[in-house]
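Participant: Using the UniProt record's numbering, the first residue of the sequence shown is number 177, and each one after it goes up by one.
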Amino acid sequence: AAECFERGLLAGRHILINAGPTREAIDPVRYISNHSSGKMGFALAEAAAEAGARVTLVAGPVNLPTPARVQRVDVVSAQQMLDACLAALPADLFIASAAVADYRPDACAEQKLKKTPGSDDGMTLTLVRNPDILATLASHSERPGFCVGFAAETQDVLGYARDKLQRKNLDLIIANDVSQSGIGFNSDDNAVTLIDRDLTSTHLPQASKQKLARDLISRLATRLDRH
Ligand code: CTP
Ligand code: CA
Numbered sequence: 177a178a179e180c181f182e183r184g185l186l187a188g189r190h191i192l193i194n195a196g197p198t199r200e201a202i203d204p205v206r207y208i209s210n211h212s213s214g215k216m217g218f219a220l221a222e223a224a225a226e227a228g229a230r231v232t233l234v235a236g237p238v239n240l241p242t243p244a245r246v247q248r249v250d251v252v253s254a255q256q257m258l259d260a261c262l263a264a265l266p267a268d269l270f271i272a273s274a275a276v277a278d279y280r281p282d283a284c285a286e287q288k289l290k291k292t293p294g295s296d297d298g299m300t301l302t303l304v305r306n307p308d309i310l311a312t313l314a315s316h317s318e319r320p321g322f323c324v325g326f327a328a329e330t331q332d333v334l335g336y337a338r339d340k341l342q343r344k345n346l347d348l349i350i351a352n353d354v355s356q357s358g359i360g361f362n363s364d365d366n367a368v369t370l371i372d373r374d375l376t377s378t379h380l381p382q383a384s385k386q387k388l389a390r391d392l393i394s395r396l397a398t399r400l401d402r403h
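1) Any heavy atom of ligand 1 closer than 7 Å to the CB of L310?
2) For P307, is the beta carbon positioned less than 7 Å from some heavy atom of ligand 1?
3) Count the other CB atoms within 10 Å of the CB of M216; is the residue buried (16 or more) or exposed (fewer)?
4) Please go through the same chain and pick out, in chain order, the residues whose beta-carbon is closer than 7 Å to the beta-carbon of L258, but skip the five residues on each side of it.
5) Do you know how far the Cα of G228 is from the Cα of Y207?
6) Anyone know if the C-beta pair for I371 and L396 falls short of 8 Å?
7) Return the residue from the list A263, A201 and S273 that minimises the CA-CA distance to A221.
8) Less than 6 Å between C-beta atoms, sequence neighbours within five positions excluded: which residues of the same chain meet that for C323?
9) Which term fits R402, buried or exposed, when burial requires 16 or more other beta carbons within 10 angstroms of its beta carbon?
10) Quick one: is the Cβ of D339 within less than 7 Å of any heavy atom of ligand 2?
11) So what's R373 in DSSP terms, helix, strand or just coil?
12) Since A389 is in the beta strand (DSSP E), which residue starts that stretch and which ends it?
13) Please classify V333: does DSSP put it in a helix, a strand, or coil?
14) Can you tell which of N366, R230 and V251 has its C-alpha closest to the C-alpha of L380?
15) Note down the Cα distance separating K288 from V205, rounded to an integer number of angstroms.
16) Beta-carbon within less than 8 Å of A254's beta-carbon, same chain only, minus the 5 sequence neighbours each way: which residues are those?
17) Can you tell which of I193, D297 and V304 has the C-alpha that lies nearest to the C-alpha of D250?
18) Shorter than 7 Å, the distance from the beta carbon of D278 to the closest heavy atom of ligand 2, or not?
19) For A351 and E329, I'd like the C-alpha separation in whole angstroms.
20) What span of residues does the alpha helix (DSSP H) with I309 cover, start to end?
Written out as C-alpha cells, the structure reads:
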C-alpha cells in the first residue's frame, strides 16, 4: 500500500468521489436528511490525491475541511449532486460514498408551512423518488471506467450488497455493516467487505477511516491497472 503513495500510482487519473448526505427541502426552513458525516468520502479523496490523482469531490452539507489538492464542489440536494457529478465527467474512477436521500418532498413550499390554528391534526408529506446518481453514471455514455458503490446495510449485508453491485452495473461494491455501533455512519472507524464483479469478496477489518481509505485507494489503483 505504501508503494501506491510513494510512486503516485494514480498520477494522470481523474477520480470523482461524492460524499456526505443530501438535504431535501420541505419549505424554506425545513428539510429531510440523514446522519452521514462524509468522513469516509473525504478520507478517500485525500488518499486519492496523495496517490497522485486529480480528484473532484462533490460534497453534500458536511462539516469537514477540504483535503489538499482536491477540487471540491458543494451541493445540497440529490438533484444538484447528480448534476455536479455529470458535469465532472469524464472520470477514470467514480466512488459513490454519498448517502443520497432516496426520496424528496414532491414540492418545496414557497413559504414556511404553518399549523392550522385551533386544530391538532397531523400532517402528511408526499415524497417522490430521487434519481439514482450511481446507477445513472454507471449506465451513462461517458461511464467512468471503474464504478464503485457503497452498501450500508443492517441485515444480510453481503446479499444486499451483491444485488446492488449487479443491479447498478458496478465494478465493485464496498459493503458496510451499519448495525454495529462504532463503525460506519458518522463514526471515525469503519470495517468493510469489498465485492468484485466476479463476486469474490475481501474483508478489511476495523480501522480508522484514514487507514481504510489508503488501503481502499491502493486496491482500487491495482484494479484500474488491470482493467
Ligand atoms: N446511491 C445513489 N443515488 C441514490 C441512492 C443511492 O447514487 N439515489 C448510491 C449510494 O451512493 C451508494 C449506493 O448507491 O453508493 C447504494 O446506496 P444504498 O442507499 O445502500 O442503496 P439504494 O439503492 O438506495 O437501496 P436501499 O436504500 O433501498 O437499500
Ligand atoms: Ca438508499
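Ideal Cβ placement from N, Cα and C applies to all residues, glycine included.
Facilitator: Looking at the coordinates:
1) Checking every heavy atom of ligand 1 against the Cβ of L310, one is found closer than 7 Å.
2) yes
3) buried
4) P307, I309 and T312
5) 37 Å
6) no
7) S273
8) Hits under 6 Å: F270, A314, L346 and D347.
9) exposed
10) Not under cutoff, so the answer is no.
11) R373 falls in the coil class under three-state DSSP.
12) No beta strand (DSSP E) contains A389, which is instead part of the alpha helix (DSSP H) from K385 to R402.
13) helix
14) N366
15) Across the structure, K288 and V205 are spaced so that their CA atoms are roughly 7 Å apart.
16) Correct list, in chain order: T198, E200, V276, A277, R280, N306, P307 and I309.
17) I193
18) yes
19) Taking the straight line joining both Cα atoms gives about 8 Å.
20) Counting along the chain, the alpha helix (DSSP H) containing I309 begins and ends at I309 to A314.
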